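Sequential numbering from 6 applies to the sequence shown in my numbering.
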Amino acid sequence: MMNLAHGWVMGVAFAILFPVGAMLMHLLGGRTRHVAWIHGIWQLFSLALGIAGAGLGGWLVANEGGSVSLLLCPDLL
6 MMNLAHGWVM GVAFAILFPV GAMLMHLLGG RTRHVAWIHG IWQLFSLALG
56 IAGAGLGGWL VANEGGSVSL LLCPDLL
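Here is the structure:
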């Protein structure tokens, strides 16, 4: 179950939220003078989710047993 949460959190953070945060600069650029703050808060939230997902991944490696690196698990290469 935790590996599913890890996958979803990392996927949402890096495939959806970070790109949308970058697009906010262009989409809201002329409409509000607070665009930099909106962009920054959005990216910080995305970063927090990414860090939480990395923490879940670290927990999975420590508790479920797994390789820390692809180099340590040549079957995946």
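Glycine is no exception: its CB is placed at the ideal position from the N, C-alpha and C atoms.
Bear in mind that the values here come from a model prediction, so they are computed numbers and not experimental data.
Have a look at the options and flag the residue whose alpha-carbon is nearest the alpha-carbon of residue i.
{"i": "W42", "options": "G26, G55, A53, L54", "result": "G26"}
{"i": "W13", "options": "G62, L32, L33, M28", "result": "G62"}
{"i": "F23", "options": "G70, L52, R36, H39", "result": "L52"}
{"i": "L9", "options": "I21, G70, G58", "result": "G58"}
{"i": "G45", "options": "M6, M28, G60", "result": "M28"}
{"i": "I21", "options": "Q48, N68, W64", "result": "Q48"}
Classify residue i as buried or exposed, calling it buried when 16 or more other Cβ atoms lie within 10 Å of its own Cβ.
{"i": "V66", "result": "exposed"}
{"i": "A18", "result": "buried"}
{"i": "H11", "result": "buried"}
{"i": "G34", "result": "exposed"}
Where does the unbroken alpha helix (DSSP H) through residue i begin, and where does it stop?
{"i": "L65", "result": "40 to 65"}
{"i": "A10", "result": "7 to 16"}
{"i": "L19", "result": "Residue identity check: residue 19 is Phe in the sequence provided, not Leu. Per DSSP, F19 belongs to no alpha helix (DSSP H) and is neither H nor E."}
{"i": "G26", "result": "23 to 32"}
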